Structures are given as structure tokens and as C-alpha cells.
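Structure record follows, encoded as C-alpha cells.
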Amino acid sequence: MKMLSFGLAWLLLSSAVAVAQINTVQTVAPDVYFHAGDPRRGHSNNGWIVFDDFVLVIDANYPSGAKVVMPQIAATTAKPVRFVFDTHHHGDHAYGNQLWAEGGATVVASTRTLDEMKQVETGFFGGAPGRWESAAKNRPDVAETKLKPPVMLFPQDLFLDDGRHRVELRWFGAGHTKGDAYAWLPKEKILFTGDACVNGPHNNVNDGSLTEWIKTLDRVKQLGAEKVCPGHGPMGGPEIIADQQNYFVALLAQAKAQLAAGKTPAEIKAALPAISAALKQDPRIARYVPGNLTAHLTKACVELGGQPLPK
Ligand SMILES: [Zn+2]
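So this is what it looks like as C-alpha cells:
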């Protein structure tokens, strides 16, 4: 009982800390900042690094998120934002690009991120309406702006180094998307991960590959990051990468057991509460288990050769 109440108190405390961080600036190291976005508005986290002559921003956010973070950046430095780095193509990380570009920034991303934009933002690229058009129906901030794809592209890596600061934009393999790229600060051992690593039940698994994701995070771990700034949820240490990876390992193991037992998609769907409870038994990964596990388990089953679960 004592353990339970301690656990509950810790949970309440940690969620209070997480809430308190939203829309506030945290100094990660001198000239390196982290800003936790407001999940109620769909905003992603942001980071920025103040170089001698300019600022590099990590993720463009939604347009409304960009408007929240722009004055926060201006409060830390008078230097201009010259580069904004989309960690991947999702709207909450890239739809704000236009606002940054209008402010004089060049939008940077991995080549695969642009490739994925061409596949899903087909309206912009001359095809049938895509995700941007869908988002514009629900979000005035998107409807009031336009899609601005990245123009500075790197197949693998792009480094910025002015002698004082070095930031390595690096692609390690598919995960949350095929284009996931990271911002790595080797001197400070700080890693900005985008949604390749989140801290909480924020994983969207629809565009990537769980199997590849686990392998990619193995490579990411080799960096030896000491501070990890995720795409969503509060900042933490290297445990965030390990916990994120372990969650997917456990999720795939659950799916594998269901398929090995010959369960139908409907039977697996019926077992979701038990699977969810089993995953939550590991305190390191419990925070990654979403309220509705259908999409995650569907992804895991399909990757293992099974069928999607009923919706
Ligand atoms: Zn994403």
C-alpha cells in the first residue's frame, strides 16, 4: 500500500512537472534551448541553438506553434533564425515552415523527408489533395498558410560548425518515418530526436517501421547522448531512447505471441486491455502505452505478417 501511494504521488508529481514545462523555455546548455509544445494544440517540441551569427531552430511546428515559439526565441537572442530543420515531414513539425521562411530562414531536411512530402502532400505537388489539405480543414492556422517544403536537403548528414558550436544533422535509418533525422551536439552530448523518440504516449507508428525503428535506435544509442530532447513530452536523459526502443520490442513480442497462438484480428482486438496491462507492468515503458492500443498493435501484427485489427 505504501509503495502504491508513493507510486501515485510520483506519478502526480511527474505529470505536474510535465505540465509545468509546456510553453516554457529550458536552457539545456549555454546557447542551447528546449521548448515543450502544447499537446492540446497539437504542437511539437522545439529546440534552438544560438551560433555566433545566427540561430538554428529544430522543427518548424504547426504555424500556431511557430507563433508561440518565435517570441520565446527572440527573448533569448537578437540573432536571426537562419535555418529551420524539419526532423521529419509530419504537419506538427513541418507545416510552420512558411512562417520561418518569411522570417528569412532556409528550411533544411533529409532528402527522404522531401520524398515523403511528395508522397503524402500530393496536392502541393500537383496530385490529388493530400494530408495538408485535410489538416487545413480542421486547423485555421494551416488554412491561413501554405505548405513550404524544405529546400536545403541532405541524403545522410549536414553539419553546422562555427568553432563555438557544432550541430550535426544526421539520418540513421527509418523509424517514425523513413526520413527521420536528428540534431546531435557532440560537444554538449545533447540529442534532439524529433518523433523518432518521444517521452510519453505520443507515438504515431503509421508511417514508419517498428522493426527498423528498433535497429535505428540502436545506432542512435551509440552517440552516447546525455541529454535527450524528444519530439513530444518532457526532456530527459538517455533512458528515453532505451525506454522508447524497449516499448517497441515489447509491443512486437505481444503481437508475435498473439499470432503464434493463432488468434484472429477480432480476438486480438478483444485482448487489447490485457495486452495493455501486460505492457504497463514494465515501469520503464508504461508511459508509452496509449489509451487506445489498436493502431500500435495493428502495426506490429502487420509487420509480422498478420492482418490489421478491426477499428
Ligand atoms: Zn511525427
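Counting in the numbering used here, the sequence shown runs from 337 upward without gaps.
Glycine included, every Cβ here is placed at the ideal spot set by N, Cα and C.
Small disclaimer: the values here were computed from a predicted structure and weren't measured.
DSSP-derived helix/strand/coil call for residue i
| i | result |
| --- | --- |
| GLN362 | strand |
| LEU489 | strand |
| LEU347 | Residue placement at LEU347 cannot be trusted, given a pLDDT of 45 that sits under 50; the coordinates are not used to answer. |
| ALA352 | In this prediction, ALA352 scores a pLDDT of 43, lower than 50, which makes its location untrustworthy; no coordinate-derived value is stated. |
| ILE621 | coil |
| TYR398 | coil |
| ASN433 | helix |
| GLU639 | helix |
| ASN582 | helix |
| LEU629 | coil |
| LYS482 | coil |
| THR423 | coil |
| VAL541 | coil |
| LEU645 | coil |
| ALA372 | strand |
| THR442 | strand |
Cut-off 6 angstroms between Cβ atoms - residues of its own chain near residue i, not counting five sequence neighbours on either side
| i | result |
| --- | --- |
| PHE581 | This sequence places Gln at residue 581; Phe is not what is there. Cβ within range, chain order: ILE550 and LEU553. |
| ALA578 | none |
| MET571 | PHE370 and CYS565 |
| LYS525 | ALA561 and GLU562 |
| LYS647 | none |
| ALA471 | GLY427 and VAL478 |
| LEU629 | LEU608 and SER612 |
Cβ neighbours of residue i in the same chain (closer than 8 angstroms, five flanking residues each side left out)
| i | result |
| --- | --- |
| THR442 | ARG418, PHE419, VAL420, VAL487 and MET488 |
| ASN542 | ALA631 and LYS635 |
| LEU640 | LEU588, ALA591, LYS592 and LEU595 |
| ASP374 | ILE358, ASN359, GLY401 and VAL404 |
| ASN433 | ALA396, VAL420, ASP422, VAL443, LEU483, LYS484, PRO485 and PRO486 |
| THR447 | LEU489, PHE490, PRO491 and GLY515 |
| GLU297 | A question about residue 297 goes unanswered here, because the residues of the chain that appear run from 337 up to 647. |
beta-carbon residue i near ligand 1 non-hydrogen atom, thresh 7 angstroms
| i | result |
| --- | --- |
| HIS426 | yes |
| GLY567 | yes |
| ASN535 | no |
| HIS379 | no |
| HIS512 | yes |
| HIS632 | no |
| HIS429 | yes |
| ASN542 | no |
| ASP395 | no |
| ASP531 | yes |
Among the options, the one whose alpha carbon lies nearest that of residue i
| i | options | result |
| --- | --- | --- |
| ILE409 | PRO609, VAL625 and THR360 | THR360 |
| ASP389 | PRO570, ASP451 and ASP367 | ASP367 |
| LEU450 | LEU546, GLY515 and ALA606 | GLY515 |
| PHE461 | ALA561, LYS484 and LEU629 | LYS484 |
| VAL638 | LYS563, THR547, ALA561 and VAL556 | THR547 |
| TYR583 | LEU435, ARG620 and GLY560 | ARG620 |
| GLY530 | PRO537, TYR518 and ASN539 | TYR518 |
| GLU469 | LEU505, LEU494, ASP497 and TYR431 | TYR431 |
| PRO601 | ASP618, ALA561, ALA613 and LEU645 | LEU645 |
| ARG502 | ASN628, GLN362, PHE387 and ALA622 | PHE387 |
| LYS415 | SER380, LEU615 and ILE385 | ILE385 |
| HIS379 | ALA607, GLY567 and GLY463 | GLY567 |
| PRO522 | TYR624, PRO537, GLY573 and GLU504 | GLU504 |
| GLY383 | THR458, PHE490, PHE528 and ALA610 | PHE528 |
| HIS512 | ASN539, LYS473 and PHE490 | ASN539 |
| ASP498 | LEU559, VAL391 and LYS557 | VAL391 |
| SER545 | VAL585, ALA464 and ALA622 | VAL585 |
Limits of the unbroken beta strand (DSSP E) element including residue i
| i | result |
| --- | --- |
| THR529 | 526–530 |
| ALA519 | 517–521 |
| GLN534 | Sequence check: residue 534 is Val here, not Gln. Per DSSP, VAL534 belongs to no beta strand (DSSP E) and is neither H nor E. |
| HIS566 | In the sequence as displayed, the identity of residue 566 is Pro instead of His. That run of the beta strand (DSSP E) goes 563–566. |
| ASN381 | No beta strand (DSSP E) holds ASN381; DSSP gives it neither H nor E. |
Min CB distance residue i to chain D below 8 angstroms
| i | result |
| --- | --- |
| SER470 | Among the chains in the structure shown there is no chain D, since it carries only a single protein chain. |
Residue i - containing alpha helix (DSSP H), residue span
| i | result |
| --- | --- |
| VAL478 | 476–479 |
| LYS454 | 447–456 |
| ARG500 | Here ARG500 belongs to no alpha helix (DSSP H), and DSSP marks it neither H nor E. |
| ARG555 | 546–557 |
| LYS605 | 601–606 |
Proximity test, residue i beta-carbon vs ligand 3 heavy atom, cut-off 7 angstroms
| i | result |
| --- | --- |
| ASP451 | In terms of ligand content, the structure shown lacks ligand 3 and carries ligand 1 instead. |
Other residues of its chain near residue i: CB distance less than 7 angstroms, five sequence neighbours each side excluded
| i | result |
| --- | --- |
| GLN492 | TRP507 |
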